[in-house]
């Protein structure tokens with residue numbers, strides 16, 4: 009079964025274009041190294057909840073929007089192989105600098121998930 013890395017990120021609305029540009033460039037790098045899919049979505053209907061919600065999960069601040077992203081790989085082993093190549097790719101160096109990120113990386117939530125249903 010495929011393997012998925014998932015992300016939830018707070019993005020300042022003022023930096024949304026820069027975030028999209030960064031995502032397109034990074035997505036192309038991930039795909040070149042073997043990722044099957046690279047998806048970025050911007051929150052459109054993500055209201056705060058009483059106990060939990062996307063906005064609460066990233067401590068969303070005024071002027072920010074939630075981004076929900078995922079990358080699909082053929083397997084966990086392929087994900088590890090792809091991510092190792094991506095992290096060594098010199099084009100990624102600029103994205104990895106905290107001052108270059110168009111979002112607060114400290115509030116990013118991410119993890120790897122084994123796909124169990126694929127309909």
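Residue numbers (this note's numbering): 9 to 127. Positions of the beta carbon are idealized from the N, C-alpha and C atoms, including for glycine.
Backbone CA spacing between residue 21 and residue 29 [nearest angstrom]: 14 Å
Taking 8 Å as the threshold (C-beta atoms), are residue 65 and residue 16 in contact? yes
Roughly how many whole angstroms lie between the Cα atoms of residue 79 and residue 47? 6 Å
Going by the CB atoms, is the gap between residue 74 and residue 18 shorter than 8 Å? yes
In three-state DSSP terms, what is residue 126? coil
Quick one: using the 10 Å Cβ neighbour count with 16 as the cut-off for buried, is residue 99 buried or exposed? exposed
For the beta strand (DSSP E) that residue 77 lies in, which residues bound it at each end? 72-81
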